[in-house]
Structure formats: structure tokens, C-alpha cells
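In this note's numbering, the protein residues as written are 191 to 596.
Even for Gly, the Cβ is constructed at its ideal location relative to N, Cα and C.
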Amino acid sequence: MKKDLARKLAILSDAAKYDASCASSGGTRRDSKDGKGLGSSGGSGICHAYAPDGRCISLLKILMTNFCIFNCAYCVNRVSSRVERARFSVEEVVTLTVEFYRRNYIEGLFLSSGIIRSPDDTMADMVRIAKTLREREHFRGYIHLKTIPDAAPELIEQAGLYADRLSINVELPTEAGLDRFAPEKSATGIRKAMAEVRLKREASREPSFSGRRPSRFAPAGQSTQMIVGADGADDAAILGNASTLYANYGLSRVYYSAFSPIPDASKALPLVRPPLLREHRLYQADWLLRFYGFEVGEIADKGMLDLEVDPKLAWALAHREAFPVDVNRAPREMLLRVPGFGTKTVGRILAARAHGAVRYEHLVAMGAVVKQARPFIVAPGWRPQGLDDASLRARFVPPPEQLSLF
Numbered sequence: 191m192k193k194d195l196a197r198k199l200a201i202l203s204d205a206a207k208y209d210a211s212c213a214s215s216g217g218t219r220r221d222s223k224d225g226k227g228l229g230s231s232g233g234s235g236i237c238h239a240y241a242p243d244g245r246c247i248s249l250l251k252i253l254m255t256n257f258c259i260f261n262c263a264y265c266v267n268r269v270s271s272r273v274e275r276a277r278f279s280v281e282e283v284v285t286l287t288v289e290f291y292r293r294n295y296i297e298g299l300f301l302s303s304g305i306i307r308s309p310d311d312t313m314a315d316m317v318r319i320a321k322t323l324r325e326r327e328h329f330r331g332y333i334h335l336k337t338i339p340d341a342a343p344e345l346i347e348q349a350g351l352y353a354d355r356l357s358i359n360v361e362l363p364t365e366a367g368l369d370r371f372a373p374e375k376s377a378t379g380i381r382k383a384m385a386e387v388r389l390k391r392e393a394s395r396e397p398s399f400s401g402r403r404p405s406r407f408a409p410a411g412q413s414t415q416m417i418v419g420a421d422g423a424d425d426a427a428i429l430g431n432a433s434t435l436y437a438n439y440g441l442s443r444v445y446y447s448a449f450s451p452i453p454d455a456s457k458a459l460p461l462v463r464p465p466l467l468r469e470h471r472l473y474q475a476d477w478l479l480r481f482y483g484f485e486v487g488e489i490a491d492k493g494m495l496d497l498e499v500d501p502k503l504a505w506a507l508a509h510r511e512a513f514p515v516d517v518n519r520a521p522r523e524m525l526l527r528v529p530g531f532g533t534k535t536v537g538r539i540l541a542a543r544a545h546g547a548v549r550y551e552h553l554v555a556m557g558a559v560v561k562q563a564r565p566f567i568v569a570p571g572w573r574p575q576g577l578d579d580a581s582l583r584a585r586f587v588p589p590p591e592q593l594s595l596f
């Protein structure tokens with residue numbers, strides 16, 4: 191039965207909610223000062239993503255279609271699923287993007303898709319959407335394309351020329367999990383596609399012998415997503431895989447998506463979703479790996495992250511022998527391990543130390559969360575008491591709650 195555009199939008203926007211990797215961080219602003227084009231405004235207000243500088247960017251987040259020839263056990267859109275199906279044409283996606291932008295609903299497009307007919311056919315349609323927006327509609331807003339690893343390299347290359355960011359999902363944290371729940375997908379093929387994107391991005395930044403730079407290729411980088419809690423992989427395995435992906439493929443972000451039970455699910459999948467707090471802790475640990483100098487073995491040494499306290503605080507509580515640290519003498523590496531100190535706070539402390547002693551009362555103005563930092567630091571005006579007290583952890587753990595019987 192033929193569906194109208196509004197019904198397709200309802201189905202395919204809801205189907206896209208399972209994809210977490212739709213951030214716009216790292217996107218460059220395209221200029222429309224010449225009076226031609228649209229979509230290059232920055233920061234004005236139906237999916238919200240946030241850039242590193244705090245700008246809120248609204249994205250139209252949809253699937254091109256939820257038809258799929260694959261049968262991944264964890265996917266609600268798998269071929270054996272009994273969900274209602276819909277498919278946008280190329281022109282319908284272009285029209286929706288432009289009209290939503292003109293109404294100031296969005297500033298960009300996040301486009302993913304199920305696999306129809308073949309990976310090449312699907313990827314070709316997605317490229318046509320991005321190309322039409324850029325060349326015919328002069329759309330200069332943000333475009334994120336979810337690419338298909340098995341698609342021809344030339345299609346991936348075209349996608350990178352029109353999109354700001356590309357993403358290729360590794361799906362599950364381990365190859366064993368992927369082989370079990372998505373046997374039609376290849377971990378080797380996914381990694382090969384990610385490597386090709388990285389090489390093309392690096393080549394696009396190198397000037398030619400004539401001094402000209404090649405066309406930009408996915409200037410906001412590439413990202414990926416892992417489903418958490420579907421295959422039994424522990425947090426150490428998840429973070430270890432993420433660390434490898436960052437190192438080998440220069441990813442901008444790894445996203446973690448808590449598994450959500452789906453209709454008619456395989457008996458091999460869990461019946462309940464993992465706690466959302468686990469997903470939150472993985473993001474915190476990811477940040478420590480990328481910006482704070484931690485190693486996976488330090489923050490997930492027992493396999494699973496502590497759900498009661500954040501990973502940095504958990505490490506500090508387990509290594510009391512390293513504290514308290516003197517904020518006026520400790521090196522940057524140790525200051526970064528103090529709970530309540532962020533990278534900006536540490537930078538301000540180091541800058542201020544060059545001109546005089548940093549006192550305890552200065553730390554709040556520098557952005558420190560002193561309630562967390564107090565037991566772990568020494569500064570003029572402050573010396574902690576009871577650091578070796580066995581009840582130190584109890585100061586930070588949320589109080590128990592009485593559960594309702596109804």
C-alpha cells in the first residue's frame with residue numbers, strides 16, 4: 191500500500207532512533223556569504239547534537255528505508271522482522287531536508303539506511319541524495335552519511351566528497367559476537383572500509399606537487415557505534431576495541447548504544463536491556479582514554495566499570511597511595527587524575543602556577559569541582575583529613591533508595 195510522505199517520515203525517523211552516532215562535532219561551517227546556497231547558519235535551533243564549542247545543531251535523522259536484505263539478530267529492521275516498512279525516494283529526502291531547513295527546524299541531515307537490493311544500490315542512492323543537496327539545492331549545512339562497508343570504494347569516495355562526516359558501524363564489540371548475531375557481515379570488511387576512509391582523509395589534506403589541495407574528504411572525520419549488552423562482552427573488551435579503533439583508524443568518536451530488546455527477538459539475545467548508567471560510564475571512560483592519559487587496564491581492570499561512581503573517582507579510590515597531590519607541584523599527568531579536575535582546569539592551574547601559588551579558594555574560579563577534589567589534593571588553605579578512612583567511598587556513593595512495591 192502506498193504511503194504518504196508524513197507516514198514514511200513517522201516510520202523512518204522512529205527506525206533511526208537506534209543509531210546513536212549522529213553527532214555533528216568537528217563539522218566545518220560552509221560559507222554562504224556570496225548570497226548563494228542555504229544551510230550554513232551556525233548554532234540556531236528533530237535530533238539535537240552538540241559541537242565541541244557548545245553549539246546545538248539540529249539534524250533531520252532518518253533512514254532512507256527500513257527494508258533490509260540482512261538478518262542481523264539485534265536489528266529491529268532485519269529481513270525477518272515484522273515491522274511496518276517504508277522507503278523514501280531520493281527526491282523525497284532532498285525535499286524534506288530543504289523544507290525542514292527553510293522552516294528553521296534543522297541545520298543538517300543524518301542519513302542511514304537498511305540494505306535494499308545490494309550494498310552498491312543502497313549506497314548509490316545515498317550518494318545521489320547528498321550530491322543533489324550540495325549541487326542542485328546548494329545546501330551547505332551539515333551532512334552525515336552512514337556508509338555501507340561492502341559498497342564499492344568509488345561510492346565511499348563520492349560519499350566523502352559530499353558529506354561532512356562518514357560513519358561505519360562495527361556493530362558489536364567482538365568478532366565472535368558479530369559472527370554469532372550478524373553472520374552476513376564481516377569484521378574484516380568493516381575494518382578495511384574504515385582504513386580506506388582514513389587513507390582518503392589523510393590524502394585530502396596533502397597538497398599536490400602543483401601546490402593545490404585535493405577536494406575535502408569527510409572533513410569532520412569518521413565515527414562508529416558499538417551495541418552494548420547484546421553479546422555479553424564486558425566493559426574491558428568494549429573499551430579495548432574502542433582504543434584500537436581510535437589508534438588504527440583515526441576515528442573522531444566511538445559511540446556506545448545500550449542494547450534495546452526488539453520484537454520477535456532471537457532467544458540468544460538478553461530479555462532486558464543493560465542499565466543506561468552502564469552506557470554513561472562507558473562514555474566517561476572513553477573520555478579518560480582519549481584526553482586524560484588513562485589505559486584500559488587501569489579503569490576496567492575487573493572487566494566491568496563501577497556503576498556507583500565515575501571511572502576516574504573509582505581509580506582514585508582504588509589508589510589512595512597516590513593521593514593527596516600538591517596542586518602547586520604535581521605534574522600535569524597527575525593533576526589530570528584528580529577527581530573533579532578537567533583538562534581546562536588543569537591547564538589553568540599550570541598557567542597560574544607560573545605566577546604564584548594556587549590556593550584552595552582559587553580552584554572554584556578555575557572550574558574545579560572541589561566537592562570531589564577535596565579528599566585528593568593539598569593546597570595553601572586546605573589539607574584533607576581522613577583520606578585513609580574506610581568510609582571515604584561512602585561520601586560519593588549515592589544513598590540507597592526505597593523501591594516502591596507498586
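Same chain, Cβ closer than 6 Å to residue i, five either side skipped, listed in chain order
i	result
Ser231	Residue confidence for Ser231 is low, a pLDDT of 39 falling below 50, so the modelled location carries little weight; the figure read from the coordinates is stated next. If we look at Ser231 and ignore the five residues flanking it on each side, it has no Cβ neighbours.
Pro373	none
Asp425	Ala490, Met494, Leu495
His509	none
Where residue i falls, given that 16 or more other Cβ within 10 Å makes a residue buried
i	result
Gly483	exposed
His545	exposed
Gly233	For Gly233, the predicted model reports a pLDDT of 30, less than 50, meaning its position is unreliable; a value from the coordinates is still stated below. So Gly233 ends up on the exposed side.
Asp516	exposed
Ala563	buried
Asn256	buried
Gly411	buried
Val360	buried
Lys561	exposed
Asp194	exposed
Lys502	buried
Asp354	buried
Ala437	exposed
Option in the options with minimal Cα separation from residue i
i	options	result
Ala458	Ala263, His334, Lys251, Ala206	Ala263
Lys375	Glu289, Asp340, Glu511	Asp340
Asp454	Met254, Phe257, Asn267	Asn267
Leu253	Val360, Gly379, Phe278	Phe278
Val444	Arg480, Arg463, Ser456	Arg480
Arg573	Arg583, Leu526, Glu551	Glu551
Phe371	Val528, Met524, Gly422, Lys336	Gly422
Gly350	Gly379, Leu368, Ala314, Ala377	Ala314
Glu392	Cys237, Leu503, Glu282, Ala408	Ala408
Phe586	Thr434, Ala512, Pro514, Leu507	Leu507
Gly571	Glu488, Gly379, Asn518	Asn518
Ser609	Cys237, Ala196, Ser271	Residue 609 lies beyond the range of the chain shown here (191 to 596); nothing can be said about it.
Cys265	Glu344, Leu368, Ala196, Arg197	Leu368
Cβ-Cβ distance between residue i and residue j below 8 Å
i	j	result
Ile346	Met384	no
Val486	Leu429	yes
Val536	Ala569	no
Ala432	Asp491	no
Lys336	Asp204	no
Phe260	Ile201	no
Ala206	Ser302	yes
Ile539	Met556	yes
Pro521	Ile567	no
Leu582	Pro565	yes
Asp310	Ala342	yes
Cut-off 7 Å between Cβ atoms - residues of its own chain near residue i, not counting five sequence neighbours on either side
i	result
Arg403	Pro397
Val559	Gly530
Leu497	Pro465, Leu467, Arg468, Arg471
Arg406	Ser394
Gly225	Low confidence applies to Gly225: its pLDDT is 44, below 50, so where it sits in the model is not reliable, and the reading given next is rough at best. None.
Ile599	Because the chain here runs from 191 to 596, residue 599 falls outside it and cannot be looked at.
Sequence-distant residues of the same chain with beta carbon closer than 8 Å to residue i, five excluded per side
i	result
Leu323	Val284, Thr287, Val288, Leu299, Phe329, Ile333, Tyr352
Arg318	Val280
Exercise for review: Check whether the segment 444-459 touches the segment 382-398, taking contact to mean three or more Cβ pairs, one atom from each stretch, closer than 8 Å.
Suggested key: no
Review point. Does the count of Cβ pairs from the segment 284-300 and the segment 245-261 closer than 8 Å reach three?
Key: The segment 284-300 is in contact with the segment 245-261.
Practice item. Specify whether the segment 416-424 and the segment 377-390 touch according to this definition: at least 3 beta carbon pairs, one from each stretch, less than 8 Å apart. Key: no
Point to revise | Meets three-Cβ-pair contact criterion under 8 Å: the segment 358-369 and the segment 316-329 | key: Using a C-beta cut-off of 8 Å, the segment 358-369 makes no contact with the segment 316-329, since fewer than three inter-stretch Cβ pairs fall below that distance.
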